[in-house]
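Presented below is the structure to which this report refers.
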Amino acid sequence: MELPPYRMPTLKNITKHMWSKAMQYLKKMSGIILIASIIIWALGYFPRESKNSSNYKLEKQKLESLIIKQNSVDSMKNVKFKIYEIENKIRAEQLENSYIGKIGKFIEPVMRPLGFDWRMGISLIAGISGKEIVVSTLGVLFQADNKANLSNQTLIYKIRETTINESSNKKLFNPITALSYLIFILVYFPCIAVIAAIKKETGTWKWAVFTIFYSTTLAWLLAFMVQITGNFFK
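Position in the sequence shown counted from 1, then plus 22, gives you my numbering.
Right, here's the structure in full:
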């Protein structure tokens with residue numbers, strides 16, 4: 023069969039094609055994605071008040087008033103860094119005491135055989151809306167400072183130094199746990215958009231629900247196998 027000649031695409035045709043495909047995608051799946059994203063956001067946002075939030079806010083206001091009185095640049099940087107630390111603590115505590123945090127602690131016994139704690143469980147739940155959210159959620163929960171010019175306590179540093187609990191010197195993340203975690207993220211629940219696409223293509227929720235349970239179960243088994251094998255040869 024004779025093929026048509028190749029021609030350089032025009033900007034008008036590219037834009038028109040992109041707009042058509044984008045609108046087609048949004049019309050087919052935006053409803054499910056929007057509803058699920060709102061649910062996940064609400065679970066992580068409410069309730070707003072926690073046990074120490076008022077104390078943190080009061081401490082933050084005192085530090086903000088000190089910025090005006092500081093004369094040296096170094097002193098201002100120190101005060102600003104303390105404010106960032108308090109803001110991270112507020113976000114971490116709020117997320118821990120939110121509904122999604124309670125869900126994370128509820129499923130922690132299931133995640134413990136994999137070496138995961140409740141914080142890792144929360145990040146996995148938040149990752150349902152998009153797996154890139156896993157990293158940002160970890161950054162909040164581990165109170166990593168994203169201001170590189172103020173501190174070297176990046177997310178990598180925090181993850182390396184975090185222990186299982188305050189009374190233990192055993193690190194939460196080790197090479198085996200890290201590998202299990204990566205495998206779990208790779209295999210488990212596809213993002214909401216994928217589930218919505220499966221439902222639209224098949225016309226039923228049966229295969230969408232099957233994909234959720236099958237992929238998550240497979241992810242748990244693979245991560246557990248990594249833990250068992252890694253600890254055996256450790």
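Just so you know, even glycine gets a beta-carbon here, dropped at the ideal spot from N, CA and C. Nothing here was measured: the structure is a model prediction, and the numbers come from that model.
Judged by beta-carbon spacing, S120 lies beyond the 9 Å limit of P197, meaning their Cβ atoms are not closer than that value.
Three or more Cβ pairs closer than 8 Å define a contact, and the region 235–247 meets that threshold against the region 197–217. By the Cβ-count criterion, Y28 is exposed, with fewer than 16 other Cβ atoms from all chains shown falling within 10 Å of its own Cβ. A114 and V162 do touch by the CB rule: their CB atoms are close to 6 Å apart, below 8 Å. Residue burial is scored here from C-beta neighbours: N191 has fewer than 16 other C-beta atoms within 10 angstroms and is therefore classed as exposed. With a minimum length of 4 residues, the unbroken runs of alpha helix (DSSP H) contained wholly in the region 130–164 fall at 130–133, 140–148 and 155–163. By the neighbour-count criterion, in which a residue is buried when 16 or more other Cβ atoms sit within 10 angstroms of its Cβ, I186 is exposed.
Taking S59 as the centre and dropping the five residues before and after it, the same chain places the C-beta of S151 and I214 closer than 8 Å to its C-beta, in chain order.
Of all alpha-carbon atoms in E130, A148 and I147, the one lying nearest the alpha-carbon of W140 is that of E130. Annotated three-state conformation of T185 is strand, per DSSP. Residue pairing by DSSP puts K193 in a beta bridge opposite T185. Close CB contacts of K221 within its chain, under the 8 Å cut and outside five residues either way in sequence, are with I54, W227, W229 and A230 (chain order). Beyond the five residues adjoining it in sequence on each side, F206 comes within less than 6 Å, by CB distance, of A241 and A245 in the same chain, given in chain order. An exposed status is given to Q83, since fewer than 16 other beta-carbon atoms sit within 10 Å of its beta-carbon. Taking all protein chains in view, the Cβ of G225 is surrounded by fewer than 16 other Cβ atoms within 10 Å, so the residue is classified as exposed. Within 10 angstroms of the beta-carbon of T159 lie 16 or more other beta-carbons, which makes it buried. The criterion of a C-beta distance shorter than 9 Å is satisfied by S145 and V157. Scanning its chain for C-beta atoms nearer than 7 Å, with the 5 sequence neighbours on each side dropped, one finds around G66 the residues L117, S120, I122 and A148, in chain order. For Y210, there is no enclosing alpha helix (DSSP H), as DSSP marks it with neither H nor E. Between Y203 and M247, the beta carbon gap of about 14 Å keeps them out of contact (Cβ cut-off 8 Å).
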